[in-house]
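To start, the structure under review is shown below, and the notes come after it.
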Amino acid sequence: MRFPDHHRSEPPAGLTYPTSLRGAGQEPFRLLFGAAIAVSAFVLVVPLLAQAFMALGWALLGDGLSFEEYSSAASAYELPEGLAATHLALASLLLVAWLVFRFLHGREIRWLVSVQPGLRGRYLVVCLGVAVVVLNAALWASFVLGMPDFGPAQPGWPAFLVVLLVTSPLQAVAEEVFFRGYLLQAIGSATGKAWVGIVATALVFALFHGTQNPALFVHRFAFGLLAGWLVLRTGGLEAGIAAHVVNNVFAFGYALFTGGVAATKAISEITWAKAGFDVAGFAVFALVAVWLAGRFNVATTTPATVMR
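If you read the sequence shown in our numbering, its first letter stands for residue 609, the second for the next number, and so on.
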């Protein structure tokens with residue numbers, strides 16, 4: 609297997625984001641091999657890093673607890689260090705995606721962000737604002753199913769809030785770059801079919817969330833499908849990143865005042881009605897984001913020539 613020229617590997621013109629990893633030297637075997645490496649890193653490296661971060665937290669903040677006791681509490685998000693450890697471990701997926709993208713495929717990281725190529729900053733900021741409005745509207749609409757018990761903030765909430773605001777966006781960005789970025793490009797380009805990459809990565813994304821009832825699985829699978837569709841229609845990761853960041857920050861943010869972060873982390877089932885409200889909110893956001901992409905005139909296919 610000959611490695612591509614790391615300084616010249618660029619996609620041919622006219623490719624959509626999910627198939628944009630095609631080109632000279634990007635054989636299907638190389639693409640699927642890269643996807644296998646990335647998934648293996650997720651399964652093996654992320655848990656090890658989470659434990660390493662927790663070990664560091666225990667050494668600094670253990671307060672006489674055994675490591676088993678501390679790790680159990682941290683893993684359940686009863687301690688803010690557990691939230692930080694998990695999110696920082698997941699943030700390592702950014703490095704995994706970059707290493708495989710750069711050294712196996714010879715592509716610059718800007719091609720992993722969008723087909724423009726690079727980050728469309730103004731579009732991202734506007735999508736973040738839209739996500740705050742639309743996803744919160746869907747959440748509050750779902751309260752017709754039952755208003756949560758808003759009460760006093762959980763003990764230690766300022767520390768949880770700081771950790772949440774710092775690490776949750778990193779985790780959300782990393783998951784989008786990993787699932788809707790590298791894995792989607794690798795699978796979509798290997799098969800030559802965008803829809804195969806979208807469905808496959810949505811399925812992997814949902815399965816990797818652990819134990820869940822059918823409604824919660826469909827909820828996560830539908831988010832993955834919509835995020836993949838957004839990448840296809842907008843040519844980049846910005847809209848999916850916006851939805852993921854806002855969803856995670858507000859989900860755990862509200863949890864500080866409605867039963868605690870640990871209770872939210874432990875959720876393994878939801879009702880079909882709740883799943884429906886959330887998916888509807890994601891769908892409305894997706895439609896607005898696609899409309900905005902047209903207004904911003906963002907690129908949706910790879911260009912004929914690339915400005916350096």
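Where is the CB? At the ideal position from N, CA and C, for every residue including glycine.
Residue 757 counts as exposed, since fewer than 16 other C-beta atoms from the protein chains shown sit within 10 angstroms of its C-beta. Within the DSSP secondary-structure output, residue 624 pairs in a beta bridge with 909.
In this structure, the straight-line span from the alpha carbon of residue 688 to that of residue 707 is close to 30 Å. Here the alpha carbon of residue 815 sits roughly 16 Å from the alpha carbon of residue 883. When 798, 622, 899 and 663 are compared, the shortest CA-CA separation from residue 713 is found for 798. About 4 Å separates the Cβ atoms of residue 775 and residue 695, confirming a contact at the 8 Å cut-off. Secondary structure of residue 722 (DSSP, three-state): strand.
Just so you know, the alpha carbons of residue 752 and residue 660 end up roughly 42 Å apart. Distance from the CA atom of residue 657 to the CA atom of residue 890, rounded to whole angstroms, is 31 Å. DSSP places residue 844 in no alpha helix (DSSP H); its state is neither H nor E. In the pairwise beta carbon analysis, the stretch 896-910 is classified as touching the stretch 728-738: at least three pairs are separated by under 8 Å. Residue 817 and residue 632 have their C-alpha atoms some 35 Å from each other.
Shortest Cα-Cα distance from residue 745 to any of 822, 887 and 827 involves 887.
Note on residue 876: under 16 other CB atoms within 10 angstroms of its CB, so exposed under the neighbour-count rule. Nearest neighbour of residue 771 by Cα position, chosen from 646, 822 and 864, turns out to be 864.
Around the beta carbon of residue 742, a 10 Å sphere encloses 16 or more other beta carbons of the protein chains shown; the residue is thus reported as buried. Counting only runs of 4 or more residues that sit fully inside the stretch 696-760, the alpha helix (DSSP H) segments are 701-711, 718-721 and 729-749, in chain order.
Between the stretch 826-846 and the stretch 716-723 there are three or more C-beta pairs closer than 8 Å, enough to call the two in contact. Look at residue 855 here: in three-state DSSP terms it is helix. For the pair residue 869 and residue 862, the Cα-to-Cα distance works out to about 9 Å. Classified as buried, residue 837 has 16 or more neighbouring CB atoms from the shown chains inside 10 Å of its CB. At a Cβ-Cβ threshold of 8 Å, residue 782 and residue 699 count as neighbours. Taking 8 Å as the cut-off, the beta carbon of residue 626 is found no closer than this to the beta carbon of residue 785. Nearest to residue 832 by alpha-carbon distance, out of 841, 824, 842 and 810, is 810. The shortest CA-to-CA distance from residue 773 to any of 801, 703 and 853 is the one to 853.
Shown here, residue 811 sits in a helix according to DSSP, grouped into three states.
Between residue 912 and residue 621, the C-beta gap is smaller than 8 Å, which places the two residues in contact.
For residue 674 and residue 665, the gap between their C-alpha atoms comes out near 12 Å. In the same chain as residue 762, and ignoring 5 residues on each side of it, the C-beta atoms closer than 6 Å to its own belong to 864 and 868, in chain order.
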